[in-house]
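Undergrad: Okay, here's the structure, questions in a sec.
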Amino acid sequence: MNVTRRGWAVVAVVAFCLLMGWEYGARSLNALVAPLVVVVLAAVLTVYRADQPSIDRHPVDEGFIGDRRTVGLSITADAPIAASVEDTVGDGLSVEDGANVAELTLADGSEFSYEARLETRGVHEVGPVTVTVRDVLGLVRRRFEGEIQSQSQLNLGRNRDRNQDREQVLVYPEVYDLYGASRRDLQALDDAVREHNREEFDHLREYERGDSLRDVHWKSTAKRADGELVVKEFVADEDLGAVDLVAESTPRRDDEMASAAASVVTYLLEMGVVVGVAAPDGSCPPRSGYDHHRSVLRLLARTGAGEATDRERREADILVRADDEGTFVRIDDREIPFDRLCDDALRTAITGTGTGTDAASDSGPGGPERETKTETESETGPDDGTAGVTA
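Using the numbering used here, the first residue of the sequence shown is number 18, and each one after it goes up by one.
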């Protein structure tokens, strides 16, 4: 407990009045000194009797870089009292000027909230919260650093330190839309998936937009008078099977690794592929669906740098590696720079609750992907199109 500047001013006035009363008589100063002494004593007593407020911090939802999340607290005091509340915002998060500071009157279940912006991948923290109570006139104040007593947090199983007034905020790696990449590079990803399912030939059918050119049955196509392409259909083509992705990086390149791995996994899951992921700090078994996507994003949000074993590299269907030379996606013996899979003109970070975003259109005239696609078409035939992605 300490006296504010306003309080010291009142004390100075009382001391001056007492001095003047000592010299010239106290009768004329009683009307001023007595009320001020009462006010100061009341302020000291009010703040001294104030108990530490009970603080219940609400869960903060996970999100992508650039998202905004509401940080909320419920603060309960035994008796109404004026207070200032300041919540500490850790690295990796940001708030507008003064948004995490508020002046309010504490009572039973007072609410305080503000918006925080997610800036960088990883596990970040908000807290501890500091509550400074004061008397009505602001003469005396007392500072508390509350401890969380949140049963709702415990019921949700949030990963947090019960002895500290802190809450963890998980920020996913940045995820990019890969549908703007060249057809040749996307085909390499598609081939890595389909190689697991090339079982029994079923029948021939007419070419449809989105079919792989490697499935074209050229002999049958040559016999058709109308010149339409004919593709081979396999028994297992509808079940794309499982793909194992391994991610690794050198020190200080884990953000690039996590972003590339998350982008490739998102692309494959949107195709209906069962994907297993191994990262330096953990793994997710092969699964598909929304919940699995979130599990992978949580793993990649927390993982740091680290090298895969030789066995993991050999058995991986897709290897994502980030080092000082760049970030690469290796499929079989082919290594594709990740920057080429998500050209700068087509990068779209996914934000929100879905597993994707609206698909980018084909590359515009004069762009680098336009040149790549033209080269591919001249070697392999007409473009077979790119499917859209929806959230």
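Think of the CB as a built atom: it goes at the ideal place given N, C-alpha and C, for glycine as much as any other residue.
Nothing here was measured: the structure is a model prediction, and the numbers come from that model.
(1) Using only CA atoms, which one of Ala322, Glu120, Glu113 lies nearest to Ser101?
(2) Mind the definition here: the stretch 284-303 touches the stretch 229-246 only if three or more C-beta pairs lie below 8 Å; say whether that holds.
(3) Over the uninterrupted alpha helix (DSSP H) stretch that includes Ser280, give me the two end residues.
(4) If Ala296 sits next to Ala322, beta carbons under 8 Å apart, how far is it from one beta carbon to the other, in whole angstroms?
(5) Name the residue from Met288, Ile72, Glu329 whose alpha carbon lies nearest to the alpha carbon of Glu103.
(6) Look at the alpha carbon of Leu203 and the alpha carbon of Gln185, and state the distance between them as a whole number of angstroms.
(7) Give the single residue among Ser266, Gly306, Trp25 whose Cα lies nearest to the Cα of Leu58.
(8) Whose C-beta lies closer than 7 Å to the C-beta of Gly299 among residues of the same chain, with five residues either side of it excluded?
(9) Distance check for Val292 and Thr389, CA to CA, integer angstroms please.
(10) Can you tell me which of the three DSSP states Gln170 falls into?
(11) If we require 3 or more residues per run, which beta strand (DSSP E) segments fall completely within the stretch 46-103?
(12) For Val188, count neighbouring Cβ atoms within 10 angstroms of its own Cβ and tell me buried if that reaches 16, exposed if not.
(13) On the DSSP bridge list, what partners appear for Asn19?
(14) If you follow the beta strand (DSSP E) that Val263 is part of, which residue opens it and which one closes it?
(15) Are Thr267 and Asp340 touching if we call contact CB-CB under 8 Å?
(16) Keeping to the same chain, check which residues put their C-beta closer than 6 Å to that of Gly80; ignore five residues upstream and five downstream.
(17) Am I right that Val11 and Val88 are in contact with their C-beta atoms under 8 Å? What's the rounded C-beta distance?
(18) Tell me whether Ser305 sits in a helix, a strand or coil according to DSSP, three-state version.
(19) According to DSSP, is Glu324 part of a helix, a strand, or is it coil?
(20) For Glu318 and Met288, I'd like the C-alpha separation in whole angstroms.
(21) If you follow the alpha helix (DSSP H) that Asp356 is in, where does it begin and where does it stop?
(22) Quick one: residues in its chain with C-beta nearer than 8 Å to the C-beta of Ser127, no 5 flanking neighbours on either side, listed in chain order?
(23) Is the CB-CB distance between Asp327 and Leu262 below 8 Å?
(24) From Glu191 to Ser276, what distance separates their C-alpha atoms?
(25) From the DSSP secondary-structure annotation, give me the bridge partner or partners of Asp340.
(26) Can you tell me the Cα-Cα spacing of Ala96 and Glu273, whole angstroms?
(27) What is the rounded straight-line gap between the Cα of Glu386 and the Cα of Asp356?
(28) Spatial neighbours of Val1 within its chain, please: C-beta separation below 6 Å, excluding the five flanking residues on both sides.
(29) Thinking Pro145 and Asp194 are a contact (beta carbons under 8 Å), I'd like their distance in whole angstroms, please.
(30) Give the DSSP-derived three-state secondary structure of His141 in the structure shown.
(31) Please report the distance separating the alpha-carbon of Ser169 from that of Val77.
(32) So for Leu36, helix, strand or coil by DSSP?
(33) Tell me Leu135's beta-bridge partners as DSSP assigns them.
(34) Using three-state DSSP, classify Leu187 as helix, strand or coil.
TA: Reading from the atomic positions:
(1) Glu120
(2) no
(3) 271-287
(4) No, Ala296 and Ala322 are not in contact; Cβ-Cβ is about 10 Å, not under 8 Å.
(5) Ile72
(6) 37 Å
(7) Trp25
(8) Leu316, Thr320
(9) Residue placement at Thr389 cannot be trusted, given a pLDDT of 33 that sits under 50; what the coordinates show is reported in the next sentence. Thr389 and Val292: Cα-Cα distance of roughly 28 Å.
(10) Any reading at Gln170 must be qualified, since the residue scores a pLDDT of 42, below 50, and its modelled position is unreliable; no value is offered.
(11) 71-74, 85-93
(12) buried
(13) Arg158
(14) 259-266
(15) yes
(16) Arg86, Leu135
(17) With the chain represented from 18 up to 408, any question about residue 11 goes unanswered, as that position is not in the structure.
(18) coil
(19) coil
(20) It should be noted that the sequence gives Ala, not Glu, for residue 318. So the alpha carbons of these two residues sit roughly 23 Å apart.
(21) 355-358
(22) Ser91, Ile92, Thr93, Ala94, Leu121
(23) no
(24) 5 Å
(25) Gly343
(26) 51 Å
(27) Only weak support is given to the placement of Glu386: the predicted model assigns it a pLDDT of 33, under 50, and the question is left unresolved by the model.
(28) Because the chain spans 18 through 408 in this model, residue 1 falls outside it and cannot be assessed.
(29) About 39 Å separates the two Cβ atoms, so there is no contact after all.
(30) strand
(31) Note that Ser169 scores a pLDDT of 43, beneath 50, so its modelled location is shaky; the value from the coordinates is reported in the next line. So the two alpha carbons sit approximately 12 Å from each other.
(32) helix
(33) Leu110
(34) strand
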